[in-house]
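I have placed the structure first, in the form of structure tokens, so that the comments after it can refer back to it.
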Amino acid sequence: MKYRFILILPFFFLSAGCATVQPWEREGLADPIMQFDENPIDAGVKEHHIDYREGSAGATGAQAGGCGCG
Amino acid sequence: MMAWGSPGNAQELPADEITINISSYFDNFDVQIVYPNLALTRKVSETTSLTGRYLVDVVSAASIRGEAPETGSDEVRRIVNVVTSASGRSRTVVSQSGGRIAAPPPTGPDDLRHEFGVGMAQLVGGGTVSVNGIYGVENDYASTTLAGTFSRAFAKKNTTIQLGLVRSWDEVFPATKNWRRDKNVATYSASLTQILSTLLVAQFLASYSNNTGHLSDDYQLVPIARGDTTAVLDPLHPTTRSRKAVGTRFKIRVDRHSSLQLGYRYYNDSWEVDSHTFSFNYQRHLSPIAKVSLGLRTYLQGRAFFFQPEYTEEQTFMTADIKLDSSFSNELQLGLSLHGREDHYFPLLKNEDVEYNVGLNIYQRHTDTPYWFNGKQDLRAGYFNIGVRYKF
Chain P
2 MKYRFILILP FFFLSAGCAT VQPWEREGLA DPIMQFDENP IDAGVKEHHI
52 DYREGSAGAT GAQAGGCGCG
Chain G
269 MMAWGSPGNA QELPADEITI NISSYFDNFD VQIVYPNLAL TRKVSETTSL
319 TGRYLVDVVS AASIRGEAPE TGSDEVRRIV NVVTSASGRS RTVVSQSGGR
369 IAAPPPTGPD DLRHEFGVGM AQLVGGGTVS VNGIYGVEND YASTTLAGTF
419 SRAFAKKNTT IQLGLVRSWD EVFPATKNWR RDKNVATYSA SLTQILSTLL
469 VAQFLASYSN NTGHLSDDYQ LVPIARGDTT AVLDPLHPTT RSRKAVGTRF
519 KIRVDRHSSL QLGYRYYNDS WEVDSHTFSF NYQRHLSPIA KVSLGLRTYL
569 QGRAFFFQPE YTEEQTFMTA DIKLDSSFSN ELQLGLSLHG REDHYFPLLK
619 NEDVEYNVGL NIYQRHTDTP YWFNGKQDLR AGYFNIGVRY KF
């Protein structure tokens, strides 16, 4: 598969997890600007428009139901 | 279409809130969509939260209304079959020489779609399980979707794994046909989010989708040019499509007030469409109540194996769906959020539980082949959203 190399990335992430960030160090990570999908409904709606203008879908963090949109 | 993101962090229920949005889409292919939507989330116990959603799509589109483009050129060698659906108007065929057809004046939206969703999130054994049901209906399509996710955090919540399954049972019944056909979609997804440091978070996402049944868009007819004559046939898509995507995103804290997000996704499917998506997003606190974001997205796509710019004879598989052509697109994303404060002088912001959001996306897509309906290769679109979130 062309994208096989991407599949090994999770293992790098997991190994890096050994350097644990303690709960009292995470204050900055709770900031909304450090969230991937702080407004998930809005993100999903925008993704929907793109899905119906392009030929790809998936691996974006959003889920959606079916639509007869052209 | 109802879309939702992941159900919040593992071991946390979504906040009680009501969200109201009015969104609008418009493009130079003469499509305009307005869709107000409403969502309500409420905890019913310490471990359970319920969500209800409603959305309506109000669609106006020339391709539906029956207005053919000006095609006075002798080089036009296709028959434009203009069909209308929402109002049940009769099918119209434009002659080979082209020209504008005067359609009956529109008496309302060309298409109206309603979508209802209910969901539940439950804390279970250190993780969170959510289940959502969606029903969408319009004049030529109905969709029933069930979606479930499970997320759990590990390693002092530095690592979060989420698994998801979406199953859709759709029914297609174009206004120009006298049949009803099924379309089924099953999508499996997984994500791993890893806190790498106090300044860096990484996420890996993967999805696999299996689509079966009627996968053609019957409003997009395929012209077959045979010498001096042109026939128009129904599209013929394969009845199966397996779609795979993997992606990664990084969130980087730049300084106390700003962050940067970088993303990449690779997509591939059994129709031989493959694509690369690159994304960039910068967010910054302008003040204790205001936050802005600037994003850029670039997309590159290869063509489906059965897509041809022009057909000279009937093929086993044929399509006029421009989404399956080679293309590239760019999108600029702008956003502004205002979060209320108890001591603010402005009445609408005098509440720390309220947040206002405004967004504008400008999108441009170029395809190798002109769109059959209007002869254009370049789509330019805008998406505008204004909304309010109130936590209670």
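Those protein sequences? They're chains P and G, same order as listed.
With our numbering, letter number 26 in the first sequence gets 27, and the count goes up by one each step, no holes.
With our numbering, letter number 91 in the second sequence gets 359, and the count goes up by one each step, no holes.
By construction, the Cβ of each residue, glycine as well, lies at the ideal position given by its N, Cα and C atoms.
### Query
Can you tell me whether G/Leu460 is buried or exposed, with buried defined as 16 or more other CB within 10 angstroms of its CB?
If you number the second sequence from 1, residue 460 of chain G lands on position 192. With 16 or more other Cβ atoms inside 10 Å of its own Cβ, G/Leu460 counts as buried.
### Message
Quick check: G/Gln585 and G/Pro491, are their CB atoms within less than 7 Å of each other?
### Response
Along the second sequence, one-based indexing puts residue 585 of chain G at 317. Along the second sequence, one-based indexing puts residue 491 of chain G at 223. One detail in the question is off: residue 585 of chain G reads as Phe in this sequence, not Gln. The Cβ atoms of G/Phe585 and G/Pro491 do not sit closer than 7 Å to each other.
### Query
Quick one: is P/Asn40 buried, meaning 16 or more other Cβ sit within 10 Å of its Cβ, or exposed?
For the purposes of this step, residue 40 of chain P is taken as residue 39 along the first sequence, with counting starting at 1. Under this definition P/Asn40 is a buried residue.
### Query
Is the closest heavy atom of the ligand SAM to the C-beta of G/Thr466 under 6 Å?
The ligand SAM is absent from the structure shown, which contains no ligands of any kind.
### Query
Does the distance from the C-beta atom of G/Leu628 to that of G/Leu606 stay below 7 Å?
Within the second sequence, residue 628 of chain G is the residue found at index 360, counting from 1. Within the second sequence, residue 606 of chain G is the residue found at index 338, counting from 1. No, these two residues do not count as a Cβ contact at 7 Å.
### Task
Could you tell me which residues DSSP pairs with G/Gly570 in its beta bridges?
Position 302 of the second sequence, counted from the start, is the residue given in the question as residue 570 of chain G. Secondary-structure assignment with DSSP links G/Gly570 through no beta bridge to anything.
### Task
With DSSP as the reference, please indicate the residues paired to G/Trp437 in a beta bridge.
Translated into positions along the second sequence, residue 437 of chain G becomes position 169. Paired residues: G/Thr412 and G/Asn452.
### Coarse secondary structure for G/Lys425, derived from DSSP in three states
Along the second sequence, one-based indexing puts residue 425 of chain G at 157. Three-state DSSP puts G/Lys425 in coil, outside helix and strand.
### Task
Enumerate in chain order the residues of its own chain whose CB-to-CB distance from G/Asp250 is below 7 Å, with the five nearest sequence positions on each side excluded.
Lying outside 269 to 660, the shown extent of chain G, residue 250 of chain G is not represented and no answer is given.
### Task
Could you check which residue in G/Ser313, G/Thr316 and G/Val327 has the C-alpha nearest to that of G/Phe297?
In the second sequence, the residue the question calls residue 297 of chain G occupies position 29. Residue G/Val327 holds the alpha-carbon nearest to the alpha-carbon of G/Phe297 among G/Ser313, G/Thr316 and G/Val327.
### Query
Can you find a CB in chain P that lies within less than 7 Å of the CB of G/Val348?
What you label residue 348 of chain G is simply residue 80 of the second sequence in a count that begins at 1. At G/Val348, the pLDDT of 42 sits below 50, so the modelled position is not reliable and the matter cannot be decided from this model.
### Task
Could you tell me which chain A residues have their CB closer than 9 Å to the CB of G/Gly515, listed as they occur along the chain?
The question asks about chain A, but that chain is absent: this structure's protein chains are P and G.
### Query
Interface residues of chain P around G/His505 at Cβ under 8 Å?
Along the second sequence, one-based indexing puts residue 505 of chain G at 237. Within chain P, no residue comes near G/His505; the closest Cβ sits about 12 Å away, beyond 8 Å.
### Task
Taking only beta-carbon positions, decide if G/Gln583 is within less than 7 Å of chain P.
Counting from 1 along the second sequence, the entry for residue 583 of chain G is found at position 315. For G/Gln583, not one C-beta of chain P is nearer than 7 Å to its own C-beta.
### Query
Does the beta carbon of G/Arg648 come closer than 7 Å to any beta carbon on chain P?
The residue you call residue 648 of chain G lines up with position 380 of the second sequence. Contact with chain P is absent for G/Arg648, since none of that chain's Cβ atoms lies less than 7 Å from the residue's Cβ.
### Task
Output, in chain order, the set of chain P residues within a Cβ distance shorter than 7 Å of G/Lys519.
Along the second sequence, read from residue 1 onward, the residue named residue 519 of chain G stands at position 251. The contacting residues are Met35 and Phe37.
### Task
Compare the Cα-Cα distances from G/Leu562 to each of G/Asn305, G/Trp447, G/Val626 and G/Phe573 and report the closest residue.
Indexing the second sequence from 1 puts residue 562 of chain G at position 294. Of the candidates G/Asn305, G/Trp447, G/Val626 and G/Phe573, the one whose C-alpha sits nearest the C-alpha of G/Leu562 is G/Val626.
### Query
When the Cα of G/Thr444 is compared with those of G/Leu528, G/Ser477, G/Asp502 and G/Leu530, which residue comes out closest?
Working through the second sequence from its first residue, we reach residue 444 of chain G at position 176. With distances taken between Cα atoms, G/Thr444 lies closest to G/Asp502.
### Message
Distance cutoff 7 Å, beta carbons only. Does G/Asp591 sit that close to anything in chain P?
### Response
In the second sequence, residue 591 of chain G corresponds to position 323, counting from 1. A quick correction: the sequence has Lys, not Asp, at residue 591 of chain G. Output row for G/Lys591: interface = yes.
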